[in-house]
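A short worksheet on the structure shown next.
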């Protein structure tokens, strides 16, 4: 009996171990699927979020929350539309919050009638950081994120996008996250608890051709026409360099924290940093340095020749423009001066014109008298 009981307990331990291994494998598989997600945010969503923030929470410490609509294609989440949702939270007590899910369902039904292809793919927040209530909002939105799935567990996780509406932010204003199940290592005991936590996923800003045309028209109204194109290009370069400097400083700060054991090592971050350093040119080899200098000189020569041609064409256009302007200024002035001189002569010498007309009349009378005398003289002959 003791042997039988011992074998039963061993079998139970093996079964529990197999279950724990299978559950951990399932969690790791789902986490890998979530980390492979990529979110594409369209300009209409950014404009709607900024408008929502300006209407509700401008000049306050509050944030706004809304629902993201779009489509899913494998691991790519295409966010094409959004709508605002009434949301309130206590800044002092983060456990107190309110989101009107009845309003959410009504708006979703209305949007579904307009475009049946758009489904709920996640939610957005004006952030600028993750808060404690976001994981609870994720649980609420996950109920509407099934997209025809029979079980809630098989449904893909909703995308959580933080859209930074601050105008002083020069970087990409979107940061995407997705919730995954992970084992809580801090919990004691043999049975580990499973909890949900947000993991960072890649995001980008994309647009259809019609949206690009609309954004270009909006930028024409926003940009200052008095500023030249060269000034705008220099401004964009400076913005990009400032962003690069901020990213390098952030990377340095993270590595210092890892070296002092204040943060754990993240292998994915280290792998990405290694990829970045591998892309840098190796300047320790003379042949590579020479090749890089030759390539740079060739590119600078092409740019210099193009700049010379552009300057010469601009000078020719300027000279031709001045010549045409001078010809246009001279031609109407001569015609007007001739007309003015003739008018002045008529106005200043009215008697001379009368004398000329009287002389013409006397000459006509004398010629007619001679014609009348000629036939009589011919008859006398």
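Numbering (this note's numbering), first residue to last: 28 to 408. In this text, a Cβ means the ideal position worked out from N, Cα and C, and glycines have one as well.
#1: DSSP state of residue 115, grouped into three classes?
#2: Does the beta-carbon of residue 131 have 16 or more other beta-carbons within 10 angstroms, so that it is buried, or is it exposed?
#3: What residue range is occupied by the uninterrupted beta strand (DSSP E) comprising residue 151?
#4: First and last residue of the alpha helix (DSSP H) that includes residue 266?
#5: Counting only the same chain and skipping the five closest in sequence on each side, list residues whose C-beta sits under 6 Å from that of residue 172.
#6: Can you tell me whether residue 209 is helix, strand or coil according to DSSP?
#7: Measure the CB-CB distance between residue 426 and residue 114 and report whether it falls below 8 Å.
#8: Counting Cβ pairs closer than 8 Å, one from the segment 87-97 and one from the segment 148-161, do we hit at least three?
#9: Can the beta-carbon of residue 197 be found less than 8 Å from the beta-carbon of residue 266?
#10: Since residue 231 sits in a beta bridge, which residues does DSSP pair it with?
#11: Identify which residue in 279, 230, 74 and 170 has its Cα closest to the Cα of residue 297.
#12: From residue 350 to residue 358, what distance separates their C-alpha atoms?
#13: Exposed or buried, residue 17, counting other C-beta atoms within 10 Å across all chains shown (16 or more means buried)?
#14: Hey, out of 165, 302 and 276, whose CA is closest to residue 189's CA?
#15: Beta-carbon separation of residue 162 and residue 206 under 8 Å?
#16: Can you look up residue 164 in the DSSP assignment and give me helix, strand or coil?
#17: Pick out whichever of 76, 129 and 336 has its Cα sitting closest to the Cα of residue 421.
#18: Name the DSSP bridge partner or partners of residue 93?
#19: What I want to know is whether the C-beta of residue 244 ends up closer than 7 Å to one or more non-hydrogen atoms of the ligand ZN.
#20: Going by DSSP, name the residue or residues bridged to residue 73.
#21: Assuming residue 202 contacts residue 229 (C-beta within less than 8 Å), just tell me the rounded distance between them.
#22: From the DSSP output, which residues share a beta bridge with residue 105?
#23: Classify residue 64: buried if its beta carbon has 16 or more other beta carbons within 10 angstroms, exposed otherwise.
#24: Going by DSSP in three states, residue 202 sits in which element: helix, strand or coil?
#25: Could you pull the DSSP bridge partners for residue 337 from this structure?
#26: Rounded to whole angstroms, what is the Cα-Cα separation between residue 274 and residue 346?
#27: Is residue 246 helix, strand or coil by DSSP?
#28: In the segment 293-320, which residue ranges form an unbroken alpha helix (DSSP H) of at least 4 residues, counting only runs that do not cross its ends?
#29: What residue range is occupied by the uninterrupted beta strand (DSSP E) comprising residue 192?
#30: Return the chain-ordered list of same chain residues with a C-beta closer than 7 Å to the C-beta of residue 62, the five sequence neighbours on each side being excluded.
#31: Short check: CB of residue 308 to CB of residue 300, under 8 Å?
#32: Express the C-alpha separation of residue 149 and residue 95 in angstroms, rounding to a whole number.
#33: For the alpha helix (DSSP H) holding residue 130, just list the boundary residues, first then last.
Considering the structure as presented:
#1: strand
#2: buried
#3: 146-152
#4: 256-286
#5: 147, 182 and 185
#6: strand
#7: Here the chain has residues from 28 to 408 only, and residue 426 is not among them.
#8: yes
#9: yes
#10: 67
#11: 279
#12: 12 Å
#13: Nothing can be reported for residue 17, as the shown portion of the chain is limited to 28 through 408.
#14: 165
#15: yes
#16: helix
#17: One cannot answer for residue 421 here, as it falls past the ends of the chain, which runs 28 to 408.
#18: 111 and 151
#19: For the ligand ZN, the structure offers nothing, since it holds no ligand at all.
#20: BP columns for residue 73 are empty, so no partner.
#21: No, residue 202 and residue 229 are not in contact; Cβ-Cβ is about 10 Å, not under 8 Å.
#22: 67 and 98
#23: buried
#24: strand
#25: None; residue 337 has no bridge partner.
#26: 49 Å
#27: helix
#28: 294-306
#29: Where residue 192 is concerned, there is no enclosing beta strand (DSSP E), given that its DSSP letter is neither H nor E.
#30: 226 and 228
#31: no
#32: 5 Å
#33: 128-141
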